[in-house]
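What follows is a set of notes on a single structure, which appears directly below.
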Amino acid sequence: MHAIAAGACAVLLCGVCHAQAREIAVDVGHYLDRPGVISAGGIPEFEFNRRLALQVRDALERRGHRVRMIGERGDMRELAARPRAAAGADLFVSIHHDSVRERYLPVAHEFSGYSLFVSRQNPHLERGLACASAIGSAMRAAGFAPSLYHADPERGGNRPFADRDNGVHFYDNLAVARTEVLPALLFEAGVIVNREEEVRLARPETQQAIAAAIAEGVTRCLN
Ligand SMILES: [Zn+2]
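Okay, structure coming up:
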């Protein structure tokens, strides 16, 4: 009896899911001429960002969302053009991979984990922060840990916590996050100047797990 009731609910919920499909702009951080951080193994960040962003697209589409890819061809030089290209979407998610301050590069193995950033200059902060927290929460549930060092004035950039448990920071001047066009967040998947973490992040199964967590968080916060 319970099984039948649960089945009926599942059918109804499925209809609701499709009705609440959203459009998400997935931004590939950096571009070919200035590809961001160079990993411990010598691979440009842009390559990591593009591979993960394509997995994020697939994971979101599997959940019934529409995805608008931004900067995936590697020719988007103007930062402000990115959120503009996302106008009309429900959320802007910028995909990046992290580094450390130059003087900490010799001990980069001490730095690891994901982080999320939102801007208090974005008029849709409440929605952007809710999504960042939901993604961070889904990342933790999938076994990933927040990096936390960006809040440290010495080891990081003194970026205050917006949600410490879920690894979310305020970064008010961040160009792609402070846009007025739509709710926005920046996601750092992990620290690629840490060789061990780089090897982990280069594995398709790690990328798929991260993409699934992002899709889970986005679906939760936008519905
Ligand atoms: Zn970056």
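Numbering (my numbering), first residue to last: 1 to 223.
Ideal placement from N, C-alpha and C gives every residue a C-beta, glycine not left out.
Given the structure is predicted, the values throughout are model-derived calculations rather than measurements.
Assign Ile24 to one of three DSSP states: helix, strand, or coil.
-> strand
Ala189 (DSSP reduced to helix, strand or coil) | strand
Same chain only: Cβ atoms within 7 Å of Val118, ignoring 5 sequence neighbours per side | Leu125, Gly128, Leu129, Ala132, Ala162, Val168, Phe170, Ala177 and Leu185
To the nearest whole angstrom, what separates the beta carbons of Ala86 and Val181, a pair I think is in contact under 8 Å?
-> 6 Å
Within its chain, find whatever has a CB closer than 6 Å to the CB of Ser112; leave out the 5 residues flanking it on each side and keep chain order.
-> Val191, Asn194 and Glu197
By the 10 Å Cβ neighbour count, where 16 or more other Cβ atoms means buried, how is Gln55 classified, buried or exposed?
-> buried
What residues in its chain sit with their C-beta under 6 Å from that of Arg155, if we drop five residues either side in the sequence?
-> Tyr149
Could you give the residue range of the alpha helix (DSSP H) that holds Ile70?
-> First-last for Ile70: Arg66 to Ile70, but that is the beta strand (DSSP E), not the alpha helix (DSSP H).
By DSSP, does Ser94 sit in helix, in strand, or in coil?
-> strand
Are Asp172 and Ser94 close, meaning C-beta to C-beta below 9 Å?
-> no
With ligand 1 as the reference, list in chain order each residue whose Cβ lies under 5 Å from any of its heavy atoms.
-> Gly29, Gly36 and His96
From Pro153 to Ile214, what does the alpha carbon distance come to, in whole angstroms?
-> 28 Å
To the nearest angstrom, report how far apart Val218 and Pro106 are at their CA atoms.
-> 36 Å
Endpoints, the beta strand (DSSP E) within which Leu116 is located | Ser115 to Val118
Under a Cβ-count criterion, where at least 16 other Cβ atoms within 10 Å of its own Cβ denotes burial, should Pro204 be classed as buried or exposed?
-> exposed
Report all residues from its chain with a CB closer than 6 Å to the CB of Ala53; omit the five preceding and five following residues, and keep chain order.
-> Val26, Val28 and Ile95
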